[in-house]
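Residue numbers for the sequence shown follow the numbering used here, beginning at 1394 and rising by one.
A short worksheet on the structure shown next.
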Amino acid sequence: MHDFHDTEWRKDYLNTKRRVSKRERDLLENGPKSFMQSLLLGVIHQRYLKMKGLWKPTPPPPDVSSNLKDSLQKWEEDYG
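In structure tokens, the structure reads:
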């Protein structure tokens, strides 16, 4: 997988994407100059990964729901 700071993905995106706005093209060629531009570049990178089939969404967090009664019972078993 490509490193986020690697510029090769930027060149590849410019070559494979049919329509890129002037703002996106400038950002891809010259890099971000502000926090908001960094966020936009992250969105473009995400689009690139999805386009290439490399996108792996983060898995959902584990279910840690429980109730107080179960928690107290477990605590009693472990420490009581």
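Beta carbons are placed, not taken as given, at the ideal position from N, Cα and C, and that holds for glycine.
Taking C-alpha positions only, Lys-1443 is separated from Gly-1424 by approximately 21 Å. The way I'd put it, the region 1461–1469 doesn't touch the region 1431–1446; fewer than three beta-carbon pairs between them come closer than 8 Å.
For Lys-1467, the enclosing alpha helix (DSSP H) stretches over residues 1461–1472. Of the candidates Lys-1426, Ile-1437, Lys-1415 and Asp-1471, Ile-1437 places its Cα closest to the Cα of Asp-1405. Here Trp-1402 is buried. Its C-beta has 16 or more other C-beta atoms within 10 Å.
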